[in-house]
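Chains as they are written, first to last, in the working numbering: chain A, 13 to 92; chain B, 13 to 92.
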């Protein structure tokens, strides 16, 4: 079956994120006050799998072997 | 009130996305077949606003003036 997968990769709590800091400063220049700004990378794709469980296992393997760096990243997997 | 906002920015349909193509090829090298891989940038932050409606308006302004390029991007706003 075809499964739609959404992988979201974020920096672990406590990791420095200069991009987020820069964006928060830029938003402040627009006149808005934001707090705890975080960035995330999202990857969406369709996958051939036997069932949702297998699709999630494949997505987990893709995260651990390719998309996420386990030292600095956490990830969530959503199979639709 | 404090509102949590999630902004997701994607390339418009039909836009070339070499990053997505490279990732899809890399996943194929791992032995998995994926289809229609798309990437998105997500920004999450807390915002001070009178209500959810105002938070969404501020988020829309941030998208249009800073985060998204209307020529190539579409965006979704989620206020929690």
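Idealized CB from N, CA, C, for every residue including glycine.
Residues sharing a beta bridge with residue i, DSSP
{"i": "residue 24 of chain B", "result": "For residue 24 of chain B, which the question treats as bridged, DSSP gives no partner whatsoever."}
{"i": "residue 90 of chain A", "result": "A:18"}
{"i": "residue 67 of chain B", "result": "Beta-bridge pairing links residue 67 of chain B to no other residue."}
{"i": "residue 85 of chain B", "result": "B:23"}
{"i": "residue 58 of chain A", "result": "A:16, B:47"}
{"i": "residue 52 of chain A", "result": "A:22, B:54"}
Residue-level contact to chain B via CB, residue i, 7 angstroms cutoff
{"i": "residue 23 of chain A", "result": "no"}
Residue-chain proximity (residue i, chain A), Cβ-Cβ < 7 angstroms
{"i": "residue 37 of chain B", "result": "no"}
{"i": "residue 28 of chain B", "result": "no"}
Cβ-Cβ separation, residue j to residue i (assumed contact under 8 angstroms), whole Å
{"i": "residue 34 of chain B", "j": "residue 78 of chain A", "result": "Actually they do not touch by this definition, with Cβ atoms about 11 angstroms apart."}
{"i": "residue 32 of chain B", "j": "residue 51 of chain B", "result": "5 angstroms"}
{"i": "residue 49 of chain B", "j": "residue 36 of chain B", "result": "4 angstroms"}
Should the region 26-46 of chain A be called in touch with the region 65-84 of chain B, which here means at least 3 C-beta pairs below 8 angstroms? yes
Three or more beta-carbon pairs under 8 angstroms between the region 16-36 of chain A and the region 51-66 of chain A, yes or no? yes
What residues in the region 78-91 of chain A have a beta carbon less than 7 angstroms from any beta carbon of chain B? 78
Members of the region 50-80 of chain A near chain B, C-beta cut-off 8 angstroms: 50, 51, 52, 53, 54, 55, 56, 57, 58, 59, 60, 70, 73, 74, 77, 78, 79
Cβ contact check for the region 73-91 of chain B and the region 23-39 of chain B: 3 or more pairs under 8 angstroms: yes
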